[in-house]
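Numbering-wise, the UniProt record's numbering puts 70 at position 70 of the sequence shown, and it's gapless, one number per residue. The C-beta atom is built at its ideal place from N, Cα and C for all residues, glycine as well. All values derive from a computational prediction rather than experimental measurement. Structure, as structure tokens:
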Amino acid sequence: MHIYRKKSFLYCFFWVAVVCGVCSCSKEDAYKQYIPNGEVKYPGTPDTIISYAGLNRIQLALVLPDPNITRVEVFWNNKSTKLEVPVQKTRVLEDTIKILIEELEEATFNFEVFTRDEDDNISVVTEVQGTAYGESYLSTLHNRALKNAATLYGADGTTTIEWHGPEENERGLELNYTDKNGNPAQLFVGKDESLTLIADYKPGTDFRYRTLFSPQSNMVDVFAAAYTTVSAPPVTYPDLDKSKFREYILPGDAPSAYGWLLPYMWDGRFGEGEGFHTDVTVSSPHHFTFDLGVTAELSEMRIWQRRDDPYLYSFGNPKRWEVWGSTDPAPDGSYTGWTKLMDCESVKPSGSGPVTQADRDYANAGELFKFPVITQPVRYIRFRMLENWSGNSVPSSGAGVHIMEVNFKGAY
Numbered sequence: 001m002h003i004y005r006k007k008s009f010l011y012c013f014f015w016v017a018v019v020c021g022v023c024s025c026s027k028e029d030a031y032k033q034y035i036p037n038g039e040v041k042y043p044g045t046p047d048t049i050i051s052y053a054g055l056n057r058i059q060l061a062l063v064l065p066d067p068n069i070t071r072v073e074v075f076w077n078n079k080s081t082k083l084e085v086p087v088q089k090t091r092v093l094e095d096t097i098k099i100l101i102e103e104l105e106e107a108t109f110n111f112e113v114f115t116r117d118e119d120d121n122i123s124v125v126t127e128v129q130g131t132a133y134g135e136s137y138l139s140t141l142h143n144r145a146l147k148n149a150a151t152l153y154g155a156d157g158t159t160t161i162e163w164h165g166p167e168e169n170e171r172g173l174e175l176n177y178t179d180k181n182g183n184p185a186q187l188f189v190g191k192d193e194s195l196t197l198i199a200d201y202k203p204g205t206d207f208r209y210r211t212l213f214s215p216q217s218n219m220v221d222v223f224a225a226a227y228t229t230v231s232a233p234p235v236t237y238p239d240l241d242k243s244k245f246r247e248y249i250l251p252g253d254a255p256s257a258y259g260w261l262l263p264y265m266w267d268g269r270f271g272e273g274e275g276f277h278t279d280v281t282v283s284s285p286h287h288f289t290f291d292l293g294v295t296a297e298l299s300e301m302r303i304w305q306r307r308d309d310p311y312l313y314s315f316g317n318p319k320r321w322e323v324w325g326s327t328d329p330a331p332d333g334s335y336t337g338w339t340k341l342m343d344c345e346s347v348k349p350s351g352s353g354p355v356t357q358a359d360r361d362y363a364n365a366g367e368l369f370k371f372p373v374i375t376q377p378v379r380y381i382r383f384r385m386l387e388n389w390s391g392n393s394v395p396s397s398g399a400g401v402h403i404m405e406v407n408f409k410g411a412y
């Protein structure tokens, strides 16, 4: 009896196992009706997606970790617009894939990004937002304001440009100018830079600049305002170093008189007896010569007359004269090798009549004479005196002249 029961138990267990197996196979077959290709595979999603704003375009940068990805699909405008980008199989994993989406209107877009593998399996969605800028934004851009621009022309001459503060979202300035060789040149001015020094700027030429903008940190384009053109900055010239001036006496030069020596004309002193004086017996015209100590292109000259009463605008103060220049004067004192640089005539601001305070102020500042154009390079200067303020008629002055101080500016 015991043996029978054991056999019966084994017989029942066998049939239960058969039934369970049949049921299991039936369920699996039923499931496969809904997954005809077997197990579902999802390609990997990008590790990172960064959007870069641009002018009517946006760039997406994706890092794809899955080696099985063969293309990327990007949808926007509620999936009404789509862009497919193939992915090279030979790429290096973790490389950045860049997708440029162009011809966009000026707006902010929501992008849905999917990946696919070679079996056309599709990934879950990854979303990213991006902004395209356009003409509306560009119309709001303005150049940073210019405060001042000037050129100091000389051996170490530079052009100095002063700027006001930066504009909002400014990256800096693009500045275009002409260098001393006449070639176009460009430099970048940082947004925090308020003073720009250009050592190789060509004096007398215009420059132009525009301000660059980045309205957000991630940009595929840099925006720029329209160019502003600036007329040639005014040129200022340095004073020539008067410590280098020297007498250069040639045959025919008018001699000094009364202890008023030629070097006193550039010693920086203005007191009575501290200038240069020619003798009253000289004829008109007469001349004298001196050495600047350097070869220079002269831009202007300032001259101080004898200012004490009764000499101001009278007696031997120069009224009309010529300025000549040379680099190689003839040793015989002739005008061979000399070029006339400028005709000079002293003026009295108030005109005829008594000397006024305005006349005194004008004389105390030194009377300014600008050369018509920057001169050819010269080293030696000759003053050819034609008439003094007495009209060469006062016996105590004759045709002689007295000059307290002289100053030159120029490039050297």
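Sequence-distant residues of the same chain with beta carbon closer than 6 angstroms to residue i, five excluded per side
i	result
Lys-409	Tyr-237, Asp-239, Ser-299, Glu-300
Lys-242	Trp-266
Gly-252	Gly-333
Lys-32	For Lys-32, the predicted structure reports a pLDDT of 36, less than 50, and the residue's modelled location is therefore unreliable. The matter cannot be settled from this model.
Gly-44	Pro-65, Asp-66
Gly-112	It should be pointed out that residue 112 corresponds to Glu in this sequence rather than to Gly. So the list reads Phe-75, Val-125, Glu-127, once near-sequence residues are dropped.
Val-189	Gly-172, Leu-173, Leu-175, Thr-196
Nonlocal neighbours in the same chain, by C-beta distance under 7 angstroms from residue i, ignoring five residues either side
i	result
Asn-392	Ser-284, Gly-398, Ala-399
Ala-226	Arg-210
Gly-204	Ala-232, Val-235
Asp-291	Phe-245, Arg-246, Tyr-248, Arg-379, Tyr-380
Thr-375	Glu-297, Leu-298, Gly-325, Leu-341
Trp-260	Gly-273, Gly-275, Phe-276, His-277, His-402
Ala-358	Pro-349, Ser-350
Arg-71	Glu-84, Val-85, Pro-86, Val-87, Arg-116
Other residues of its chain near residue i: CB distance less than 8 angstroms, five sequence neighbours each side excluded
i	result
Phe-315	Arg-306, Asn-388, Trp-389, Ser-390, Val-394, Ser-396, Ser-397, His-402
Ser-326	Gly-337, Trp-338, Thr-339, Val-378, Arg-379, Tyr-380, Arg-382
Ala-150	Thr-159, Thr-160, Pro-233, Pro-234, Val-235, Thr-236
Thr-48	Ala-61, Leu-62, Val-63
Glu-106	Asn-56, Ala-132, Tyr-133, Gly-134, Glu-135, Ser-136, Tyr-137
Thr-295	Thr-327, Pro-377, Val-378, Arg-379, Tyr-412
Pro-372	Met-342
Which of helix, strand or coil DSSP assigns to residue i
i	result
Cys-25	Only weak support is given to the placement of Cys-25: the predicted model assigns it a pLDDT of 42, under 50, and the value that follows is read from those uncertain coordinates. Three-state DSSP puts Cys-25 in a helix.
Ser-299	strand
Leu-138	helix
Lys-244	helix
Tyr-153	coil
Tyr-264	helix
Ser-214	coil
Asn-148	strand
Leu-64	coil
Asp-206	coil
Thr-45	coil
Val-220	coil
Asp-95	coil
Tyr-201	strand
Lys-89	coil
Terminal residues of the beta strand (DSSP E) in which residue i lies
i	result
Asn-364	Element bounds for Asn-364: not the beta strand (DSSP E) but the alpha helix (DSSP H), 357 to 364.
residue 441	In the structure as shown, the chain begins at 1 and stops at 412. Residue 441 is therefore absent and cannot be evaluated.
Ala-226	Neither: Ala-226 is in no beta strand (DSSP E) and is coded neither H nor E.
Glu-162	159 to 163
Val-72	69 to 76
Thr-196	195 to 198
Lys-82	81 to 86
Arg-144	No beta strand (DSSP E) holds Arg-144; DSSP gives it neither H nor E.
residue 430	This structure leaves residue 430 out entirely; the chain is present only between 1 and 412.
Ala-185	184 to 190
Tyr-412	No beta strand (DSSP E) contains Tyr-412, which DSSP labels as neither H nor E.
Ala-254	Unbroken run through Ala-254: none, as it is neither H nor E.
Val-128	126 to 133
Reference residue i, options the options, closest by Cα
i	options	result
Ala-365	Asp-179, Ile-303, Pro-318	Ile-303
Val-282	Leu-83, Pro-255, Pro-372, Val-85	Pro-255
Leu-146	Leu-104, Thr-211, Lys-370, Thr-295	Thr-211
Gly-130	Asn-183, Glu-162, Arg-57, Asn-169	Arg-57
Ile-99	Asn-143, Trp-163, Leu-83	Leu-83
Asp-117	Glu-73, Thr-108, Leu-152, Glu-102	Glu-73
Asp-206	Thr-81, Leu-386, Leu-141, Thr-229	Thr-229
Phe-288	Glu-297, Ser-217, Phe-276, Val-294	Phe-276
Pro-318	Asp-343, Asp-328, Pro-329	Asp-343
Arg-171	Ser-352, Glu-405, Ser-217	Ser-217
Val-323	Asp-279, Tyr-335, Ile-198, Phe-109	Tyr-335
Gly-271	Pro-372, Ser-350, Glu-405	Glu-405
Ile-101	Tyr-52, Thr-356, Asp-95, Gln-88	Tyr-52
#### Entry: Residue ranges of each beta strand (DSSP E) within the UniProt domain "DUF5000" (266 to 405), 3 or longer
286 to 305, 318 to 326, 339 to 345, 367 to 370, 378 to 388, all fully within the UniProt domain "DUF5000" (266 to 405).
### Query
Which full runs of the beta strand (DSSP E) of 3+ residues lie inside the segment 97 to 123, going along the chain?
107 to 117
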